[in-house]
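In order, the protein sequence lines correspond to chains Z and S. Our numbering applies: residue 1 is where the first sequence begins, and numbers increase by one. Our numbering applies: residue 1 is where the second sequence begins, and numbers increase by one.
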Amino acid sequence: NAGVTQTPKFQVLKTGQSMTLQCAQDMNHNSMYWYRQDPGMGLRLIYYSASEGTTDKGEVPNGYNVSRLNKREFSLRLESAAPSQTSVYFCASKLTGTGVYQGKLFFGSGTQLSVL
Amino acid sequence: KQEVTQIPAALSVPEGENLVLNCSFTDSAIYNLQWFRQDPGKGLTSLLLIQSSQREQTSGRLNASLDKSSGRSTLYIAASQPGDSATYLCAVSRNYGQNFVFGPGTRLSVLP
C-alpha cells in the first residue's frame with residue numbers, strides 16, 4: 001500500500017501565483033487533514049475533512065481553500081500565494097470508528113513550498 | 001485553547017541509555033494522545049496511540065503513559081540506539097478524535 005501520497009514534493013512560486021497541492025490515501029480512511037509545519041511554530045492545522053463531502057477550518061485557514069474530491073482525495077489550493085505561506089505542508093488521514101487503529105494519524109511525506 | 005509543550009527541546013545521550021521524553025497539555029478533556037517520530041525532511045510516523053481511557057501503551061522498546069488528570073504523558077525509550085535519533089512529537093485530540101494539537105517536539109540524538 002502507498003499510504004498517503006502528496007504531490008508535488010517541492011514547489012517554488014512567485015508572490016500572487018496560485019497552485020494546488022494534491023493528496024490521496026488508499027487506506028479507506030474517513031478523515032483527512034492539511035497541516036503546515038514552520039520552525040518554532042510546530043504543526044498547525046489548516047483545514048480538515050471529517051468525512052467525504054464535509055470540510056472545516058482549522059487553526060490557520062486564511063489564504064487557503066480545500067476540496068474533498070472523493071473519499072480518497074483531499075486537495076489544498078493557494079489562490080494568491082504570499083511569502084508567509086512558505087512552509088512544509090503535510091497531508092494526513094485517519095480512520096474513524098472503533099477498533100485498534102481508530103484515531104491513528106498517517107502522514108504523507110510533505111511538500112516543501114517556497115514563495116518568493 | 002489547548003496548548004501542548006514538550007520537555008526537553010533537545011536531548012543527546014550515549015547509545016544504550018534508557019530515556020524519558022515528556023509531554024504536557026493544558027486541557028485534560030482529550031479524546032486520545034499520540035506520539036510520533038519525524039526524521040529530517042520526512043513526514044511523521046505514528047508510534048503509539050493512547051485512548052483517554054487507557055493508562056499506557058507499549059510497542060517494542062517504547063512505552064507511553066498517560067495521566068489525564070495531571071495533563072501529562074511520557075514516552076520511555078529503552079536501550080536507545082543511534083537509529084532512534086529523530087524528533088519526537090506528541091499530539092492530543094478532542095471532538096471525537098478530530099482537531100489534533102501538536103507539541104513542538106523533542107530532538108533526540110543517540111550517539112554511538
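We put the CB at the ideal spot given by N, CA and C, even for glycine. Predicted, not measured: the structure shown is a model, and the values here were computed from it.
Just to confirm before moving on: does the CB-CB distance between Val115 (chain Z) and Thr86 (chain Z) stay below 8 Å? For this step, residue 115 (chain Z) is matched to residue 115 along the first sequence. For this step, residue 86 (chain Z) is matched to residue 86 along the first sequence. Contact flag set, yes.
Backbone CA spacing between Pro61 (chain Z) and Tyr47 (chain Z) [nearest angstrom]: Position 61 of the first sequence, counted from the start, is the residue given in the question as residue 61 (chain Z). Position 47 of the first sequence, counted from the start, is the residue given in the question as residue 47 (chain Z). One C-alpha to the other measures close to 6 Å.
Show which residues of chain S have a CB atom less than 9 Å away from the CB atom of Lys71 (chain Z). Within the first sequence, numbered from 1, the residue matching residue 71 (chain Z) stands at position 71. Under the 9 Å cutoff, chain S gives no residues; its nearest Cβ is about 17 Å from Lys71 (chain Z).
Out of Z:Leu13, Z:Ala50, Z:Thr96, Z:Lys57, which has the shortest C-alpha to C-alpha gap to Asn70 (chain Z)? Indexing the first sequence from 1 puts residue 70 (chain Z) at position 70. Nearest of Z:Leu13, Z:Ala50, Z:Thr96, Z:Lys57 to Asn70 (chain Z), Cα basis: Z:Ala50.
Interface residues of chain S facing Lys104 (chain Z) [CB-CB closer than 8 Å]: By one-based count along the first sequence, residue 104 (chain Z) stands at place 104. Under the 8 Å cutoff, chain S gives Gln34, Ser46, Leu49.
Buried versus exposed call for Ala2 (chain Z) [16 or more other C-beta atoms within 10 Å across all chains shown]: Here residue 2 (chain Z) refers to the residue found at position 2 of the first sequence. Its Cβ having fewer than 16 others within 10 Å, Ala2 (chain Z) is exposed.
Less than 8 Å between CB atoms is the rule here; does Phe100 (chain S) satisfy it with respect to chain Z? Mapped onto the second sequence, residue 100 (chain S) falls at position 100. By this cut-off, Phe100 (chain S) is an interface position.
Among S:Leu19, S:Tyr88, S:Val101, S:Thr45, nearest to Ser80 (chain S) - alpha-carbon criterion: Counting from 1 along the second sequence, the entry for residue 80 (chain S) is found at position 80. It is S:Leu19.
Looking only at C-alpha atoms, which of S:Arg72, S:Leu111, S:Gly60 sits nearest to Ser85 (chain S)? For the purposes of this step, residue 85 (chain S) is taken as the residue at position 85 of the second sequence. Taking only the C-alpha atoms, the option nearest Ser85 (chain S) is S:Leu111.
Listing by chain order, which chain Z residues have their CB less than 8 Å from the CB of Lys42 (chain S)? Within the second sequence, numbered from 1, the residue matching residue 42 (chain S) stands at position 42. Neighbours of Lys42 (chain S) on chain Z, chain order: Ser109, Gly110.
Find the residues of chain Z that neighbour Pro82 (chain S), judging by a C-beta separation of less than 7 Å, and give them in chain order. Taking the first residue of the second sequence as 1, we reach residue 82 (chain S) at position 82. Simply none; closest approach about 22 Å.
Can you find a C-beta in chain Z that's less than 8 Å from the C-beta of Gly103 (chain S)? On the second sequence, residue 103 (chain S) is found 103 positions in, with the first residue counted as 1. Closer than 8 Å: yes.
Note down the Cα distance separating Thr26 (chain S) from Ala91 (chain S), rounded to an integer number of angstroms. For the purposes of this step, residue 26 (chain S) is identified with residue 26 of the second sequence, where counting begins at 1. For the purposes of this step, residue 91 (chain S) is identified with residue 91 of the second sequence, where counting begins at 1. Going by the C-alpha atoms only, they are around 12 Å apart.
Take the Cβ of Arg77 (chain Z) as the centre, count every other Cβ of all protein chains shown within 10 Å, and call the residue buried at 16 or more, exposed below. Position 77 of the first sequence, counted from the first residue, corresponds to residue 77 (chain Z). Arg77 (chain Z) comes out exposed.
If you reduce the DSSP assignment to three classes, tell me which class Tyr85 (chain Z) lands in. Residue 85 (chain Z) sits at position 85 when you count from the first residue of the first sequence. The sequence shown places Gln at residue 85 (chain Z), rather than the Tyr named in the question. Residue state, collapsed to three classes: helix.
Less than 8 Å between the C-beta atoms of Cys23 (chain Z) and Glu73 (chain Z), yes or no? For the purposes of this step, residue 23 (chain Z) is taken as the residue at position 23 of the first sequence. For the purposes of this step, residue 73 (chain Z) is taken as the residue at position 73 of the first sequence. Cβ atoms of Cys23 (chain Z) and Glu73 (chain Z): closer than 8 Å.
Assuming Leu89 (chain S) contacts Gly105 (chain S) (C-beta within less than 8 Å), just tell me the rounded distance between them. Start at 1 with the first residue of the second sequence, and residue 89 (chain S) comes out as number 89. Start at 1 with the first residue of the second sequence, and residue 105 (chain S) comes out as number 105. With 8 Å as the limit, Leu89 (chain S) and Gly105 (chain S) qualify as a contact, their Cβ atoms being about 4 Å apart.
Could you check if Gly83 (chain S) is buried or exposed, using at least 16 other CB atoms within 10 Å of its CB as the buried criterion? Reading the second sequence from its first residue, position 83 is the one you call residue 83 (chain S). Classification of Gly83 (chain S): exposed, given that the 10 Å Cβ count is below 16.
Minimum Cβ-Cβ distance from Phe10 (chain Z) to chain S less than 8 Å: As a first step, residue 10 (chain Z) is located in the first sequence; it is residue number 10 there, counting from the start. No, Phe10 (chain Z) lies away from the interface with chain S (no Cβ there is under 8 Å from its Cβ).
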